[in-house]
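For reference, the structure is listed below as structure tokens.
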Amino acid sequence: MKLDLLEEAAANSKLRSERLAKSAGNRVVGVISASQGIFQITQPNSTQTSSWGMYDTSSIEKKVRAVVTMEFRTE
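Numbering-wise, the sequence shown is residues 1072 to 1146 according to the working numbering.
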């Protein structure tokens, strides 16, 4: 599941980059760098955050936040 969520976060980052590049008259042509950030599992509607990640075990329902940082090349 964690890898699937990180893949989804990376795809979302690429989509956002493509839209930003397009608005400037450019296009994304490749990835320069990619890294995984924090992975947080909290209760729904929780405002808890942590620089090292969270893993809540107090409820069955979960909210997952996966952070990736990607740098793209444009032309």
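Cβ atoms here follow ideal geometry from the backbone N, Cα and C, with glycine treated the same way. All of these numbers come straight from a predicted model, not from anything done at the bench.
query, result
"Report the three-state DSSP secondary structure of arginine 1090 (helix, strand or coil).", "helix"
"Using a Cβ-Cβ cutoff of less than 8 Å, which residues in the same chain neighbour aspartate 1127 once the five nearest sequence positions on both sides are dropped?", "Ile1112, Thr1113, Gln1114, Ser1117, Gln1119 and Lys1133"
"Have a look at phenylalanine 1110 and serine 1094 and give me their C-alpha separation to the nearest angstrom.", "30 Å"
"In its own chain, which residues sit with a C-beta less than 7 Å from the C-beta of glutamate 1146, not counting the 5 before and 5 after it?", "Asn1097, Arg1098 and Val1100"
"So what's serine 1084 in DSSP terms, helix, strand or just coil?", "helix"
"From the DSSP secondary-structure annotation, give me the bridge partner or partners of glutamate 1142.", "Ser1104"
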